[in-house]
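Here the structure is laid out as structure tokens; the discussion comes afterwards.
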Amino acid sequence: MVTIGGTGVMVLGVLAAGIVSAVVGLALRARLGTVSAVAISGLIWSLAAIAVATLVPTRADVGIVPADSRSDSCSWDYGGPNGAAFEGLGFDQRTLNVLLFVPAGMFLVLAVGRWWSGVVLAPIGLALLAAYSVGVELMQLQLARIDRACDVTDMVDNILGAGVGVLVGVLLLPVLKPWRGRVTKVLG
Numbered sequence: 001m002v003t004i005g006g007t008g009v010m011v012l013g014v015l016a017a018g019i020v021s022a023v024v025g026l027a028l029r030a031r032l033g034t035v036s037a038v039a040i041s042g043l044i045w046s047l048a049a050i051a052v053a054t055l056v057p058t059r060a061d062v063g064i065v066p067a068d069s070r071s072d073s074c075s076w077d078y079g080g081p082n083g084a085a086f087e088g089l090g091f092d093q094r095t096l097n098v099l100l101f102v103p104a105g106m107f108l109v110l111a112v113g114r115w116w117s118g119v120v121l122a123p124i125g126l127a128l129l130a131a132y133s134v135g136v137e138l139m140q141l142q143l144a145r146i147d148r149a150c151d152v153t154d155m156v157d158n159i160l161g162a163g164v165g166v167l168v169g170v171l172l173l174p175v176l177k178p179w180r181g182r183v184t185k186v187l188g
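Its first residue numbered 1, the sequence shown is counted upward by one per residue in the UniProt record's numbering.
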């Protein structure tokens, strides 16, 4: 039986997503400026990192959970179990779930902050990040055979993290000024 999972696989997936995102950022830099290019590539990277961190089994030895023993509904037990999968990092699962979405919220604001429409796009993006969290949890429910679980606490923590990230992004806007660095070309 072939098993894929564990922290090493997650790190490799996040690094691969980082490389692809960096290439996207480099391609956008001339057109949008450094801050916006980094923000857009950072948002792409953070969304990919979230997918990798939440949809890859936490251990390589998990194998496949038999269909008859997998969960068939989301846990509505708020507070949920305190997973010990990442205690080596010094954080509990709830803190990691919050921290996982902070970069996405921050990069979102910096990515749309160059345009006036960002005032509307940022709240829409925050709602989409919340939907992304719900989608990840529902995917974990459907893929429960890879030993992941759907949990309402994770959704709340993820959305809180995205909100914190949005606040950090708003605080960084006047410092980083993503609206600068525009390259305007006159088509003749």
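Every residue gets a Cβ at the ideal spot worked out from N, C-alpha and C, and that includes glycine.
Exposure of residue 19, with buried meaning 16 or more beta-carbon neighbours within 10 Å: Numbered from its first residue, the sequence shown carries residue 19 at position 19. Exposed.
CB contact flag (residue 107, residue 162, <8 Å): As a working note, residue 107 is residue 107 in the sequence shown. As a working note, residue 162 is residue 162 in the sequence shown. In this structure, residue 162 does not lie closer than 8 Å to residue 107 by Cβ.
Report buried or exposed for residue 109, applying the criterion of at least 16 other Cβ atoms within 10 angstroms of its Cβ. Locating residue 109 in the sequence shown gives position 109, counting from the first residue. It is buried - the Cβ of residue 109 has at least 16 other Cβ atoms within 10 Å.
Determine the DSSP secondary structure at residue 73, reduced to helix, strand or coil. Against the sequence shown, residue 73 aligns to sequence position 73. Residue state, collapsed to three classes: coil.
Quick one: residues in its chain with C-beta nearer than 8 Å to the C-beta of residue 150, no 5 flanking neighbours on either side, listed in chain order? What you label residue 150 is simply residue 150 of the sequence shown in a count that begins at 1. Contacts found: 71, 73, 74, 75, 137, 138, 140, 141, 144.
Can you list, in chain order, the stretches of the alpha helix (DSSP H) that have 4 or more residues and sit fully within the region 8 to 61? 34 to 55
What residues in its chain sit with their C-beta under 6 Å from that of residue 21, if we drop five residues either side in the sequence? In the sequence shown, residue 21 corresponds to position 21, counting from 1. 41, 44, 45, listed in sequence order.
With 16 other CB atoms within 10 Å as the buried threshold, where does residue 166 fall? The residue labelled residue 166 in the question sits at position 166 within the sequence shown. Counting Cβ neighbours within 10 Å, residue 166 comes out buried, since at least 16 surround it.
CA nearest to the CA of residue 49, picked from 121, 114, 9: Position 49 of the sequence shown, counted from the first residue, corresponds to residue 49. Checked all of 121, 114, 9; the closest Cα to residue 49 is 9.
Go ahead and pull the three-state DSSP assignment for residue 147. Residue 147 sits at position 147 when you count from the first residue of the sequence shown. It is coil, neither helix nor strand.
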